[in-house]
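Report on the structure given below.
In the UniProt record's numbering, the protein residues as written are 1 to 1186.
Dropping the structure here:
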């Protein structure tokens, strides 16, 4: 299969002058002459340094085509390979391919060479040169690693290498070198290596740059040295922020503020973009203060604050003409007064712990005036301000506290404020606009990384901030449903600790992250990013150096009764919605539970408790006593405004957590009913029940973390050439070309009929419901498998759809319109206070073969002439077809031609697909298959019956022995629920083993281990099992290279050939559908991600609800109502995506005692502090146990 010997590439160092023996052979008219020569190599590094008499060096990187030809002509295996190629017109059969890999790998291992991708790539290229009709991907597919996705190398060479190397290693014929463990490696601190350019720029900024006036030149040097400052802040453990300011003195100059802004833009681009628009900030401030002012005005009692209120009212009355001078001055004054009123509208109750050891009073509670001045103050001039600041500094130092950054307004009175200042790093930044000063202060407190993580306790679920540990624990319990056995993660100071239960989490926060114990040196210097540099004066006023203050924690205190009533109602709502998710809780039972619970609380228990407590409250003032009495009254009626189902539904609807499914009238049909004692034929409406898909998607993507996970996964998949999801397939990539500047997520629809009654009863089929679900394949696979993330879209009675009732166009018209609207108009979500427009595009319609053929308009009989929805081949051709016929694949052109023909027996098409109306979807382009029904409940059933029958006939084992081995085999914890049942003799007689999909997959995976030791390797029927196993492995893989599509096609072709040989029957329809899997793998990504397995599990939820519903009138309406209430519970509890990691019961251990000293020293720092021993870990749906 190559040119004559004189065109062969020749290795350097080979003596060409020797007389060589000619070896010639002819294949299909091509005469090839091979010259056999001995070669000399200067290699003394191995025992095989002398050249082999026939093959030369064993090192594959030195192999040439001569090496392959010599092996083929001088070994018996090689002659068999050449003969097989001649028989098959230049192709190699699977046996010949295996023989080829065996020959080459055995030759390779004679030198104990290590198998690398370079070797196998070189060998596969040489094979294709010798046999041009062979495909390189059959022998070798290189590994790929992109982002978090990794796919290992595959191919026949890889498999043969692993098998042979494993045998040699176990026999001690080759050595096994292990990589050094982390414990044996010396750990060194990461060091920052600086280039000469960075060093030069750093020196310039610290010296000459201080006197340089060109800001653009300074910024160029500044950007170059960003990594140095980043390393000093985040990596260096012995430097504080004040040390950073000392190292970079240019911070203290008038240009320092703009340099801080440049660093902030680089380090926090997303946060910088959020507040880039100042108008948005001003509007938000106005709305906030307006609502706060209305709610809290009546609570102000302080005389100074009442004076401010009077001045604010006067300012509003004398507003002046818009855009006039008076208007602008009054607006400025009103903003100043509003800022001064904030501490009085939201008074603090903070106690500051005194860190001085020589004082008797350990806690100090600032007065209301002191707390207010810690936020903003008004002084007539800078002299007065300096005096007040010195006094405040001395008082705070006496109590072991520091002063927080605050706003100062300077002017003779509030109507003549001349300047606004914000203190930072013993300096004062000057601003013209008070709202810019406020924006800077908010930026300082909440966007600065250092201050944010020191001053607040952060929720690890939604990133909310809380002033105290108690507030954080209460928030986690009530808003995120975390209980005493939940896993709590610490998010303070980039801490990565996690704890089983709130008690250990609270102890950790008190011990490690308690706020008063923070070193104030870390707060000495704070960056103040601002987005409006033109409005900021570069004036910096030097004041006396002192410690930077600790921010006074401001907590919102609204009316106590209102807060308590809302808390009780929130708990009652969670109680009700959690019960609504239980399938066996009917509406009548729910109502009874509410009534009985109300009776329990109002039966005298609360009133008796109230009477016992009231005598001890005599010292309370009147208002406090009334508040406590009202709290008892609220507890006596916890379900106020939620007593009836009508009230509950209205409450849910008014709070935008319940979206009533829409009843679609499809038409009318005749039905016999008894009217006034007389049977009559009346026209009754035929209904479908459409869920509010758009609203459900909007609120689902607004749940914590959902949008971020989906968007990040979509972006990472777009840059990944491996096949790990639908986003990597050609179908989605072609769709995305139509949405270049939009955020678009794909949607899967799934259709199937589900029997809601007893399938064996007398009314079987009467209450069969057609169910349409949808899911978002933009989520990672570990979330797609959760039933909670599979949403109902449309329900209808199956008997209402069909040729004699309503066609697909009528039945699915409303659903199609919703999908078109989602694609063209999208929906707007609010994530982290940002409005984002997202769109959804129908990617695939999933289902079993019968469901898809009926829904998409193809023939529903698989004995028809043209039953395949993917190709146009005739039934007789499909019964023996080994590979996909590219010429007969359906496309838009021949589909339209077949529609015009309108002859189902010649085309296999009943009607035009109704879903073709949706843009970017066409039934011939967005084609799909169902691995569950095609393989697990199809091909595997027939294959295993043929294989087991043949092995029993050869007397390798009996059926009783096989069933005994199946029963006693240890399947492990992950497969314990899917162990296969005993095989019946009737199943083997019918050539089809009946099991569930999961049980069949379990049987195929472990069949080789169960009986493999009884089967000789040369048994031919065993190859059929091996091909089936390889096909299932590829179909179930999560990440694949595109070249695997070719490998899959070859495996399926050989599999079908062997089935025809051993079954003595024709290929069934599911065997033919298997031939399209290679094409569909490239189009849609991994095969198992389009399986019906998880969608059919969703049927169990509907059936459980149906079994608890006593009335079958309008069953679809009741089911849709129940399913939508499930979403209410999720929205109320703000339950986004379930965490990747779940742990079982745990016990805290001391690693210094459990391990020896040498092992303990090598452990990471985290394991030396808080370590727990867990019984099990579940990560991304996979459970691990010791």
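We put the CB at the ideal spot given by N, CA and C, even for glycine.
For residue i, the residue or residues it bridges with in DSSP
{"i": "residue 374", "result": "Bridge partners of residue 374: none, in fact."}
{"i": "residue 771", "result": "752, 795"}
{"i": "residue 409", "result": "378, 420"}
{"i": "residue 839", "result": "744"}
{"i": "residue 1073", "result": "Partner(s): none; residue 1073 has no beta bridge."}
{"i": "residue 667", "result": "686"}
{"i": "residue 500", "result": "487"}
Pair within 8 Å by beta-carbon distance, residue i and residue j
{"i": "residue 123", "j": "residue 82", "result": "no"}
{"i": "residue 746", "j": "residue 841", "result": "yes"}
{"i": "residue 109", "j": "residue 71", "result": "no"}
{"i": "residue 881", "j": "residue 1074", "result": "no"}
{"i": "residue 375", "j": "residue 342", "result": "yes"}
{"i": "residue 438", "j": "residue 339", "result": "yes"}
{"i": "residue 475", "j": "residue 486", "result": "no"}
{"i": "residue 1102", "j": "residue 769", "result": "yes"}
{"i": "residue 731", "j": "residue 1129", "result": "no"}
{"i": "residue 851", "j": "residue 911", "result": "no"}
{"i": "residue 1048", "j": "residue 1034", "result": "yes"}
{"i": "residue 1095", "j": "residue 773", "result": "yes"}
Three-way DSSP call (helix, strand, coil) for residue i in this model
{"i": "residue 874", "result": "coil"}
{"i": "residue 973", "result": "coil"}
{"i": "residue 826", "result": "coil"}
{"i": "residue 93", "result": "coil"}
{"i": "residue 912", "result": "coil"}
{"i": "residue 651", "result": "helix"}
{"i": "residue 882", "result": "coil"}
{"i": "residue 1146", "result": "strand"}
{"i": "residue 1183", "result": "strand"}
{"i": "residue 1171", "result": "strand"}
{"i": "residue 683", "result": "strand"}
{"i": "residue 160", "result": "helix"}
{"i": "residue 1085", "result": "coil"}
{"i": "residue 801", "result": "strand"}
{"i": "residue 766", "result": "coil"}
{"i": "residue 834", "result": "strand"}
{"i": "residue 540", "result": "Here the model assigns residue 540 a pLDDT of 30, short of 50, so the residue's position is not dependable and the matter cannot be decided."}
Which listed residue (the options) has its alpha carbon closest to that of residue i
{"i": "residue 734", "options": "1083, 967, 70, 1146", "result": "1083"}
{"i": "residue 1097", "options": "821, 611, 65, 792", "result": "792"}
{"i": "residue 892", "options": "878, 766, 144, 927", "result": "927"}
{"i": "residue 716", "options": "959, 728, 1185", "result": "728"}
{"i": "residue 710", "options": "1169, 868, 306, 1137", "result": "1137"}
{"i": "residue 218", "options": "195, 331, 248", "result": "248"}
{"i": "residue 203", "options": "1004, 222, 1033", "result": "222"}
{"i": "residue 378", "options": "415, 469, 126", "result": "415"}
{"i": "residue 941", "options": "989, 965, 164, 923", "result": "989"}
{"i": "residue 914", "options": "959, 809, 875, 974", "result": "809"}
{"i": "residue 872", "options": "748, 907, 460", "result": "907"}
{"i": "residue 968", "options": "957, 974, 958, 981", "result": "981"}
{"i": "residue 1165", "options": "1173, 620, 1156, 1151", "result": "1151"}
{"i": "residue 1057", "options": "1020, 430, 1088, 1078", "result": "1020"}
{"i": "residue 299", "options": "250, 1105, 344", "result": "344"}
Pairing CB atoms from the stretch 780-795 with CB atoms from the stretch 892-909, are three or more of them under 8 Å? no
Between the stretch 800-815 and the stretch 718-732, are three or more C-beta pairs nearer than 8 Å? no
Does the stretch 828-839 come close enough to the stretch 871-886 that 3 or more CB-CB pairs lie under 8 Å? no
Okay, do the stretch 572-587 and the stretch 637-650 touch, 3+ Cβ pairs below 8 Å being the bar? yes
Is the stretch 923-939 touching the stretch 1008-1020, taking contact as three or more C-beta pairs under 8 Å? no
I'd like to know if the stretch 659-678 and the stretch 777-787 are in contact, where contact means that at least 3 CB-CB pairs between them fall below 8 Å. no
Taking three-plus beta-carbon pairs below 8 Å as touching, is the stretch 128-135 in contact with the stretch 62-70? yes
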